[in-house]
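For reference, the structure discussed in these notes is given below.
Chains as they are written, first to last, in my numbering: chain R, 0 to 162; chain X, 8 to 202.
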């Protein structure tokens with residue numbers, strides 16, 4: 000992952016850009032997309048409770064990584080949809096998914112040791128796709144880029160659609 | 008929307024809707040738990056670019072000797088660079104890495120290469136994550152989490168049927184702080200319905 004701030008800014012930028020097209024996309028809904036960008040990194044729970052620790056405790060194999068896959072995102076975004084009031088469920092699922100998929104896409108560009116990203120498309124396919132290796136996960140460059148994009152898009156949308 | 012607004016505490020419709028929500032969430036959490044186990048039981052698949060990782064190597068080094076592995080860990084010695092791998096459940100190995108990178112103790116080192124007997128790893132590709140960079144990443148991530156949390160609390164509310172809906176007007180930051188204080192003092196959980 001690049002740091003989470005980069006992901007959240009990307010989610011903010013995407014949702015804000017969509018405001019040009021969708022009237023209902025208020026800051027409340029932009030926030031949902033930002034929250035979606037956090038979803039895949041719930042897999043970082045392994046830093047607190049390692050996979051092997053859970054596996055030992057429960058006596059079955061276990062991996063948090065599921066949360067960072069397409070399948071995991073479908074389930075976690077659905078939790079959001081279930082919690083939303085009826086009129087909003089589709090918007091919430093859509094925006095959470097958009098944020099989460101932008102997160103996975105950004106992670107697919109990371110520089111990795113093997114030159115391939117992790118199998119994020121599970122359970123659709125289980126394969127490490129080649130990555131262009133644009134940046135290291137601990138580099139601040141993506142943060143600067145998404146930060147500038149967020150400010151630019153936000154200013155542009157404010158001009159086109161004064162709310 | 009009108010249906011939701013007409014619900015009041017004690018209403019059976021409301022209780023039903025609440026229990027439906029709880030049931031649906033539990034169902035989804037159940038799916039997730041199944042997936043945790045299903046994914047956990049998968050083996051590495053080098054033919055599809057999925058390689059054994061650090062925790063796997065730490066747990067059973069001999070099983071992967073001769074294989075290509077993708078590991079990262081803190082540098083515990085230099086000359087030659089040595090990293091520690093552990094799986095968080097008490098299994099730890101230290102591996103000497105054959106690489107031209109020169110990390111310092113405390114840096115992180117990510118290595119893709121072939122595992123040799125006697126705790127040696129021939130790096131085909133390696134890169135250093137300087138000490139402090141990880142700190143930066145954690146700090147930025149914590150800020151991001153806080154930002155989203157504050158925005159969610161300001162713009163969304165939960166009603167008595169556990170439905171989450173957007174607020175007409177956002178809570179001010181001051182309201183947010185007051186609400187937090189109130190909750191700390193009295194521990195009460197106000198389901199105020201907005202007009």
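All C-beta atoms in this analysis are idealised placements derived from N, C-alpha and C, irrespective of residue type, glycine included. These numbers were taken from a predicted model, which means no experiment stands behind them.
is_contact[residue 7 (chain X), chain R] using C-beta, thresh 9 Å: Because residue 7 (chain X) is not part of the residues shown, which for chain X are 8 to 202, the question remains open.
Secondary structure of residue 55 (chain R), DSSP reduced to three states: helix
Burial state of residue 119 (chain X), where buried means 16 or more other Cβ atoms lie within 10 Å: Looking at its Cβ environment, which holds 16 or more other Cβ atoms inside 10 Å, residue 119 (chain X) is buried.
Cβ-based neighbour list, residue 39 (chain R), same chain, cut-off 7 Å, excluding 5 preceding and 5 following: 66, 67, 72, 99, 102, 103
DSSP three-state assignment for residue 134 (chain R), whether helix, strand or coil: Under the three-state reduction of DSSP output, residue 134 (chain R) falls in the strand class.
Within chain R, the residues that residue 51 (chain X) reaches when beta carbons sit closer than 7 Å: Chain R residues near residue 51 (chain X): none, gap ~10 Å exceeds 7 Å.
Where the beta strand (DSSP E) containing residue 127 (chain X) begins and where it ends: 127-136
Unbroken alpha helix (DSSP H) run spanning residue 15 (chain R), endpoints: 3-17
Range of the contiguous alpha helix (DSSP H) that encloses residue 165 (chain R): What the structure shows of chain R is the stretch from 0 to 162, and residue 165 (chain R) is not part of that stretch, so it cannot be assessed.
9 Å Cβ cutoff met for residue 133 (chain R) and residue 4 (chain R): no
Residues bridged to residue 115 (chain R) [DSSP beta-bridge criterion]: R:129
Same chain, Cβ closer than 7 Å to residue 36 (chain R), five either side skipped, listed in chain order: Once the five neighbours on either side are set aside, the close Cβ partners of residue 36 (chain R) are 6, 7, 9, 10, 98, 99, 101, 102.
Spatial distance of residue 197 (chain X) from residue 64 (chain X) (CA atoms): For residue 197 (chain X), the predicted structure reports a pLDDT of 46, less than 50, and the residue's modelled location is therefore unreliable. A value from the coordinates is still provided. Take the alpha-carbon of residue 197 (chain X) and the one of residue 64 (chain X): they are about 50 Å apart.
Touching by the beta-carbon criterion (3+ pairs, under 8 Å), the region 171-191 of chain X and the region 18-34 of chain X: no
Spatially closest choice to residue 105 (chain X) from X:159, X:134, X:163, by CA coordinates: X:134
Amino acids of chain X, ordered along the chain, whose beta-carbon sits closer than 9 Å to that of residue 33 (chain R): 151, 154, 155, 158, 159
Distance between residue 23 (chain R) and residue 111 (chain X) (C-alpha atoms, nearest Å): Going from the Cα of residue 111 (chain X) to the Cα of residue 23 (chain R) covers about 52 Å.
Contact list for residue 136 (chain X) against chain R, beta-carbon separation under 9 Å: 135, 136, 137
Buried versus exposed call for residue 130 (chain X) [16 or more other C-beta atoms within 10 Å across all chains shown]: Buried, since its Cβ has 16 or more Cβ neighbours within 10 Å.
Residue 153 (chain R) beta carbon less than 9 Å from that of residue 15 (chain R): yes
Reduced DSSP category for residue 166 (chain X) - H, G, I as helix; E, B as strand; rest coil: The three-state reading of DSSP puts residue 166 (chain X) in coil, since its state is none of H, G, I, E or B.
Cβ contact check for the region 116-129 of chain R and the region 40-58 of chain R: 3 or more pairs under 8 Å: no
Residues bridged to residue 52 (chain X) [DSSP beta-bridge criterion]: For residue 52 (chain X), which the question treats as bridged, DSSP gives the partners X:57.
Own chain, CB closer than 6 Å to residue 10 (chain X), minus 5 neighbours either side, in chain order: The predicted position of residue 10 (chain X) is uncertain, since its pLDDT is 48 and thus under 50; a value taken from the coordinates is nonetheless stated next. Here the set comprises nothing.
Sequence ranges, beta strand (DSSP E) only - wholly within the region 84-113 of chain X, length at least 3: The region 84-113 of chain X contains, as complete beta strand (DSSP E) runs of 3+ residues, the segments 89-93, 99-105 (chain order).
Alpha-carbon spacing of residue 113 (chain R) relative to residue 68 (chain X), whole angstroms: 19 Å
Three-way DSSP call (helix, strand, coil) for residue 83 (chain R) in this model: strand
Min CB distance residue 106 (chain R) to chain X below 9 Å: no
Local Cβ density within 10 Å of residue 75 (chain R), reported as buried at 16 or more and exposed below that: buried
Between the CA atoms of residue 80 (chain X) and residue 147 (chain X) - distance to the nearest angstrom: 21 Å
Beta-bridge partners of residue 121 (chain X), as assigned by DSSP: X:75, X:129
C-alpha distance - residue 205 (chain X) paired with residue 157 (chain R), whole-angstrom precision: The structure shown does not extend to residue 205 (chain X), since chain X is modelled only from 8 to 202, so the question has no answer here.
Cβ-based burial, residue 61 (chain R) [other Cβ within 10 Å; buried from 16]: buried
For residue 61 (chain X), the nearest candidate out of X:158, X:74, X:41 (CA to CA): X:74
Contact belief for residue 114 (chain X) with residue 138 (chain X) at Cβ below 8 Å, rounded distance in angstroms: About 5 Å; that satisfies the 8 Å criterion.
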